[in-house]
Structures are given as C-alpha cells and as structure tokens.
Amino acid sequence: MIGALLSSPALASIGGAIEFIFAPQDSSVTGGRQVGGFDQVVELTLSQLELTLLALGLSLLVALPLGLYLGHRGTGELFAVVLGNVGRAIPELALIAFMAAAIGVGVLNLTIALAVLGVPPILANTFVGIHQVDRATVDAARGMGMTEFEILRKVEIPLAVPTLFAGVRGATIAIVATATIAPLAGVESLGDFILGENVYGSNGVLAGAIVVALLALTLEFAFAGLQRLLTSPGLKLRSA
Amino acid sequence: MPAAEATSQTQSEPGASSVRYEGATKRYGDSAKPAVDGLTLEVPAGEICVLVGPSGCGKTTAMRLVNRTVDLTEGDILVGGESVRDREPARLRREIGYVIQQIGLFPHRTIAENIGAVPQLLGWKKERTAARTAELLTLIGLDPELGARYPAQLSGGQQQRVGVARALAADPLVMLMDEPFGAIDPINRERLQNEFLRLQAQVRKTVLFVTHDIDEAIKMGDRIAVMREGGKVAQYATPAEILMSPADEFVEDFVGADRALKRLALMRVSDIDLWEAPLAHVGQATAEVRAKLAAPDVEVAYPLLVDSERRPLGWLSARDLAAETVPARPDSPLGPVIERDDVMRDALADLLQGAAQYAPVVDAAGRIAGVLSVEIISEFLGSSRAKQEERSAVERPHD
Amino acid sequence: MTDPSLVAAVGEVGEGFFKERSSDTLPCQATDALFCWDWARENIDRYGTPTVQHLELVVISVVLGFAVAFALALLAHRRRWLQPPLLAATGVLYTIPSIAFFFLLLPVTGRGRDTAIIALSAYTLQIIYRNTVIGLANVPSSVKEAARGMGLTERQILWKVEVPLARPEIFAGLQIATVSTVAIATLAVFAGGGGLGAPIKAAINFKTNIIIAGSIAILMAVAFGLALVTAQRLLTPWKRAETT
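Residue numbers (the numbering used here), protein chains in the order written: chain A, -4 to 235; chain B, 789 to 1187; chain C, -16 to 227.
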C-alpha cells in the first residue's frame, strides 16, 4: 500500500487536487465554463462553515441550558444518557434525505436537521459533566452561601469544562460530516465537489475531500485551544 | 447587624452570636421517627458546643439545621436572637462558617481564591480580601506564599487547615464543623485540634462541632450535647460533668468504661508546674554542662541539647559529656515531644508510648518550656490543686 | 437546487435500483403519502442485499478497528510516552468526516468496499483506543500489587487481571464505536461500498424508501448496542453495569 501511495498516479492526483483548489480548471460537462479555483473553494467552504456554526449554535441553545439544569438538579439521567445513545444511532444520510423529502430543502430545514444530530452529544455530556462534580465541593459551595445559580456558574461549570467540551466537539464532528452532504438537501457546501465528479472531475473530488478534512481539523483545533484556555490550571494539576 | 461588615480583627471584638435551638424538629418524608426530635438547647456566644453521638443519631442534621442546608420541619433556631426561618438561606450561610469532613475545596481555584470565596460573595474589596487571606494563612500556620497554589498541590492536613481558614474568612458569627478532623491520621489530628483550640482562644467564635469520637468531644468542647438515636439529647453539660456525673446509662456507656482516665483530658500540661532540665548548646564546653548537673537544686539528671532558638534536639548521655565540647548529634534521640497546650491524657499517652522517662515540653513556637514525666503527672493528680481544678471545671468551660 | 448535472448523476444510480420491477413512475410516490404500506410489503425483499452488505461493513470495520486500537492501547499501556501521539493520531482520523476520508483514499485504494472499510475502521480507532487505555489505567494499583506479590508475571497480570477488570470500559468503547459505525455506514455507498445507503441514494425523494432503509439502520444500531451491553453485563458479573 505504501508503494501505491508513493507511485506516480497517487501523487499526481494530489497535485491535480491542489491545482484545482487554487486555479480554475476547464470542465468537460459545463461546456466552456470553468470550475474550481480559489474563489469557488472559499465560497463553498464558507457556506459549509456557516451551516455548521448555525447548526451548532442551535444545538447549544437547546441542549446546553437543559443539560445544565438537569445535571445540577440530578434528575433525568436516564433521559440524557438514552438520548445520547440514540443520537449516535441516527443515520445521517437517511436523516437528510427524509428531511428533504418530507419538509423540503433549504438552509433553515437543513440547519434544524443538523441540530438534531448535535443536540444528543451536547445534552448527554453536559448532564454527565455537571452531575459528576464532586458532591463535597458542591456541598461546601452551598454551605458557604452561594445561590444555586452561583454554584452552577462558579463551581460546577468550571469543573465540568473538559466533559462539556467533549460534547461540543463530538457534536461539531457529526455536524461537519453531515454538512458535507448538504447538496443532497439543496444547500451548497464542499460536498458539491465531492459528489459532483461529472462536473468537477476527479481533481475536484479529491480537492473537496482535502478541504473538508482541513476544515474539520481546524475546527477541532480551535475548540481544543478554547478548552485549554478555559480549563483552570488547578484542574490540569489534578489530572496530571 | 451582620458582624461580617465590621473590621476584620480576630481578637477581642464580639464577632460571635449565641445559637439557640427551640424545639427544633426535622422529619424526612412520611417517616414517623424524626431525624432530630424537639431539640432545645442554648450555645452561649463564644463557646464550642460539641454534638456527639453514635452514627445516625442526627447530630449532623442538627448542625445543618442552623445554616439551613437542611430545613426545619417544626420549631425554630435563633442565631443571635434572629430566627433562621426569617433569613434567606444563601445570605444566612454567608455569615456562618461551614467546614465539612471531605473539606470540599474548589480544585479549580487557588488556595487564596478558596479562602476569599465568601468575602467575594459579600463584595469585599480586593485589598481587604488579600490582607485577610494572608492573615488567615499565617494564623493556620501556612506560608502565605502557598496562597498561589492549587488544592491538588497541598497535603491532606494542609487542605484541612485551608478548609478551616476558608470558613473563618468573612469573620462569621457562628462556625459549623462536621467531623472536620475525621479524615486525618491521629498524629496530625492531635496537632490540628491543638491548633484550632489555640485559634479559638484568640477568635472566640461560637462553634457547633459534630463528632462521633467522645475523646475529641471532651477535648474540644466547652459544652457537650450527647445525642442518642432519634435525634434526642441525652445530656447537655460541661465535659467534666459528663465524665463525673453521666445522666443515664446511655451516656455512661457512650463515654466508656475508662471514664476516670478520660478525666485526664480535662487538664492541660500547662496546668502543671514543669521540671527544668539543664540546657546545653552545640559546641558549648562540656565542663559548663557538667557543672550545671552537679548543682544542688537540679531536678532532672540529664542535660537537654537545644539549638539557638531553644528548640530541643536530643538528650546528652555520659559519653557525650566525656568529650571536650558538646557534639552536634546527641547519643539519645529526642523521643516524644509534648506541646504545652496538650491535654494531660494525650501527654500521658505519648510518654507511655515512647517509654521515655522524661519528655521535653515545648510551647507553640517549639521552644523548650520544661520537662514532663509520668512521675510529675501522678504527683500533680494527687495534689489538692488538681482536685480543685476538676471541681471548677464542672461549672466553667475550657479556658 | 444545486447543479442539475449533479442531480442527473444521482438519478442514474436510482434507475438501476428500481429498474427491474417498476416501469417509469413509482405509483406510491405520486400520492405524496408518508409511508406506503403496500409498496413496502411488496418490495421489502429489495432491502435484503443492502442490509447484508451493511452488516458486513459494520462487522468487518469494527473488528478491524478493535484489533488495531486494542493492540495500540496495549502498546501504549506500558510506554506512556506513546499515549499523547497515539491519541492525537487516532483523534485526527476521528475528526475527518468519513465521506471525505472515502475520497481521500480513492487514489490509493480505488472505489469499492475496501475503501469504505478502511475509513470506517479508522473512525472507530479513537474511541476504542481511548476507552481501553482508560480502562487499563483505572485498575487499582493495589490489585496489581497483590498479583505481583502472588508471583504472576507481568504478562499474566495483563491478561488475567488488568484486561478483565478493564472490560467495562472496553465494552463501552466498543458499543459506542459499533453504534456510530452503523449510522455512518449509510454513507459507504458514496465510496462504492453498498450498504443501506444505496437504496436511499437511489430514490432519494421516495419517503417510504428512506423510512424503510433508515429504520433498518436504526434497528441494527440499537440491536448491536443492546447485544453489546448484555454481553458486557454477562462478562463482568462482579460489577453492576454503568451507563456510558
């Protein structure tokens, strides 16, 4: 397999893909109109990014408060855990296709469908993270005169940051992955390249795949960095 | 009204309130048996009241009723004359120090931030909080520099002390302590108990102290409430009275068969006139030391090696004294070292444990204050002064 | 809507799927009903092959992924310096969307089931690896000490003490990986790997079709999940099963 990797065809493909990203190419299908190039790549990347962030925002809006509330109260554990498990089982392609067929295409509908994918990991992880904060620490906080909300804000959330972020990152990965096939629901994204070999050629397909991978990795890095920023040094010492 | 708004002095100011239980009752759900049953007692301001009893007797619940981490079913509790029912729980708790067994330090905050937690809730200015934090760290015997560390970097004993400091930070009117030294090894526990008593002598807070250990109760308490299952008080009296006149069979059993021995906990080493040992310094001419030994009024026949701060280092033997100058390493090790604030019981235990004839007694700073032996203790116990002390201990609380 | 030629490309495959039985239009589709029971009853056997393909994809990928991840975890268990880089490497494979991964592999492995399997296995690595490492690390050192004192070799301790005690975590990781893989394998059709994604893609506007294929996938995921949870409970009788 290493041999196949290093052989000319594979390398040539990568070269062709990189060309595609940066310079418009001639296409056999569209008859004269060029495809690819930096502008188009950026346009589709931004479209996918926008979609991802919108869906993530919606997921957070729904799942975060609920998870915080339930986790602090300690109720609804079964619900949160089961939802987390069920969320993992949702087949993305079926979800998108069904949504498109039943409700219709468009950014709004797709955002809601993507949020459906993002809510379970965020809800489950938020619940578990808050609920698993050491009871003695919460007792001390309550006993010293913090209100319930202060306990959540000053004690439980900071101590749950790693788990919370695990949920957000998981949701992001699922959403980015599904946003890639947004074209099936009539929304532009890098999936246009990946699914459109006829139009964009094999170079376009590979280029799309590379850019999607980079997009996903960049988001992951960004969240990882944010997490490190928000994690108290005291926590890092404890787990060392 | 809240004393927390007063200046942050730790001595003399009456920053303490009395706590009065009036028929306080707590029932959980539909259960017929209450966890706390009609508790009525008064803790005068500035005193330590120990709630002691077997597991499940409701002592922790009774304590938690005061800061409303558990709410009353019937009856009332007055802190400084004001009913706790009239106060908003969160605000009430900011005026009451709260120390729990597992400590519950915030792992994500520095020691200084932990200590400053309640001041921050009360809106103190940063400088005031910082000054208070430094003051408290010194008070509990920790290097103020440790304030920048995180709980994970401290030992268990240090964390426990920080827990106490955190409770004291906003100069509360009342302190609630639930088995605060329970999770510590016996040696450090003794030390922490002594430290806390020293602290209390300075700050004079009203303390509700929960423990299952009768020895700890006798040592720490100005007054003890022995509780039995069902949340009732079997006897509420000074430690001496409980030891000498237990109210019923339950109290007698709970105190234990070695009641007489426990009375040794009512007195402190500082109550005794200690003997003096001749002191020697490293490098001193042994001739001088031998001269001291030969003096007619010498009480202890062995010289004690001390450092420049008068802290004991070891006992000198005849072989040590045969040299020209006093050696740096004495022949005999130090053996048990007794603190002057130790209760007699602990001192006797240490002496017997170390199988030493004499043990050096040091003050709070570790400097030599005298020498103790079993002989000295038994002489003292037989004296009329000791009997007088005991009798008066029945009335007044520890001092 | 996107480029018309893209829709045309999808339509081509669709015709192939439904070519045998119906003529041009599917009768049920016209009524725009949510679910056509008649059609479903008549054509349910069409889903046989995709379901079997899907099962194969999932089982092979998870087994492969488990084998690799477990080996890596054992490797990293003794050599702690390996843990961060391995975690990062498996993390990268987890982050890259599977569909992108399919097409990244294309120049090397070509279209077909193998590509799908490699990508799906890669996705499972991180969760299985991390859970195994954590599971092994959570074995109380006192137990290991006792075992060492009894005279067991390091190898025996690993296999007779550490791995069994780490079973709950390992199974949890396996369960998560399997359920996720069932869901993601619907995309395997884009790599030419078949599976339940094929019928969906073939008639992407036909609701009944989507519902059938999607339900089979969800049922498969749930079944695997339950089976693994049960297996976990049976194999760790000393511990009450904890929720993941």
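Cβ coordinates follow ideal geometry from the N, Cα and C atoms, glycine included.
The model shown is predicted, which means the values in this text are computed figures rather than measured ones.
Measure from the C-beta of residue i to each C-beta in chain A and report whether the shortest distance is under 8 Å.
| i | result |
| --- | --- |
| C/Pro236 | The structure shown has nothing for residue 236 of chain C, since chain C only spans -16 to 227. |
| C/Ser124 | no |
| C/Val75 | yes |
| C/Ser5 | Because C/Ser5 sits at a pLDDT of 45, beneath the cut-off of 50, its placement in the model cannot be relied upon, and the point is left open. |
| C/Phe86 | yes |
| B/Leu860 | no |
| B/Ile888 | yes |
| B/Ile891 | yes |
| B/Leu956 | no |
| C/Asn188 | yes |
| C/Ala210 | no |
| C/Pro33 | no |
I'd like to know whether the C-beta of residue i is nearer than 8 Å to at least one C-beta of chain C.
| i | result |
| --- | --- |
| A/Ala84 | yes |
| A/Val128 | no |
| A/Ile98 | no |
| A/Leu78 | no |
| A/Glu45 | no |
Where does residue i sit, in a helix, a strand or coil, going by DSSP?
| i | result |
| --- | --- |
| C/Arg24 | helix |
| A/Met141 | coil |
| A/Leu55 | helix |
| B/Ser1192 | Absent from the model: residue 1192 of chain B. The displayed extent of chain B is 789 to 1187, so no value can be given. |
| B/Lys913 | coil |
| B/Ala812 | strand |
| B/Leu1067 | strand |
| B/Ser871 | strand |
| B/Tyr886 | strand |
| C/Trp221 | coil |
| A/Leu65 | helix |
| B/Asp864 | strand |
| A/Ala18 | coil |
| A/Ile98 | coil |
| B/Gly1102 | strand |
| B/Thr898 | coil |
| B/Ala1127 | Looking at the sequence shown, residue 1127 of chain B is not Ala but Glu. Here B/Glu1127 sits in strand by DSSP. |
| B/Thr1074 | helix |
If we ignore side chains and look at the alpha-carbon of each, how far apart do residue i and residue j end up?
| i | j | result |
| --- | --- | --- |
| C/Arg63 | A/Gly165 | 25 Å |
| C/Asp7 | A/Pro178 | Any reading at C/Asp7 needs caution, since the residue's pLDDT is 39, under 50, leaving its predicted position unreliable; the model's value is listed next. Those two C-alpha atoms are separated by around 25 Å. |
| B/Gly1071 | B/Pro1124 | 25 Å |
| A/Ile91 | C/Leu57 | 39 Å |
| A/Phe216 | A/Val206 | 15 Å |
| C/Leu65 | C/Val116 | 11 Å |
| B/Asp973 | B/Gln981 | 12 Å |
| A/Ala136 | A/Phe144 | 11 Å |
| B/Gly945 | B/Ala971 | 9 Å |
| C/Thr73 | C/Val45 | 15 Å |
| C/Gly201 | C/Gly180 | The question names Gly, but residue 201 of chain C in the sequence shown is Ile. Distance between the alpha carbons of C/Ile201 and C/Gly180: 12 Å. |
Verify the CB distance criterion: does residue i have a CB-CB separation below 8 Å to chain B?
| i | result |
| --- | --- |
| A/Leu159 | no |
| A/Asp187 | no |
| A/Thr70 | no |
| A/Arg137 | yes |
| A/Thr142 | yes |
Please list the terminal residues of the continuous beta strand (DSSP E) segment that includes residue i.
| i | result |
| --- | --- |
| A/Gln29 | Gln29 to Gly31 |
| C/Thr34 | No beta strand (DSSP E) holds C/Thr34; the alpha helix (DSSP H) holding it covers Gly31 to Arg61. |
| B/Gly935 | First-last for B/Gly935: undefined, no H or E at that position. |
| B/Lys828 | Checking the displayed sequence, the identity of residue 828 of chain B turns out to be Thr instead of Lys. That run of the beta strand (DSSP E) goes Val824 to Val831. |
| B/Ile1156 | Ile1156 to Leu1160 |
| C/Val75 | Looking at the DSSP string, C/Val75 is not in any beta strand (DSSP E); the run it does join, the alpha helix (DSSP H), is Gln66 to Thr78. |
| B/Val840 | Ile836 to Val840 |
Along the alpha helix (DSSP H) that carries residue i, what are the first and last residues, could you check?
| i | result |
| --- | --- |
| C/Glu152 | Arg150 to Ile167 |
| C/Thr98 | Arg96 to Ala120 |
| A/Gly79 | Glu72 to Ala84 |
| B/Ala1147 | Unbroken run through B/Ala1147 is the beta strand (DSSP E), Ala1147 to Val1150; no alpha helix (DSSP H). |
| B/Ile928 | Neither: B/Ile928 is in no alpha helix (DSSP H) and is coded neither H nor E. |
- Query: Hey, which unbroken runs of the alpha helix (DSSP H) at 4 residues or more fall wholly within the region 975 to 1044 of chain B?
  - Reply: 1002 to 1008, 1027 to 1032 and 1037 to 1043
- Query: Considering only residues of the region 136 to 185 of chain A, which uninterrupted beta strand (DSSP E) runs meet the minimum length of 3 residues and lie entirely inside it, listed in chain order?
  - Reply: The region 136 to 185 of chain A contains no whole beta strand (DSSP E) run of 3 or more residues.
- Message: Suppose only complete runs of 3+ residues qualify. What are the beta strand (DSSP E) ranges in the region 942 to 971 of chain B, listed by chain order?
- Response: 962 to 966
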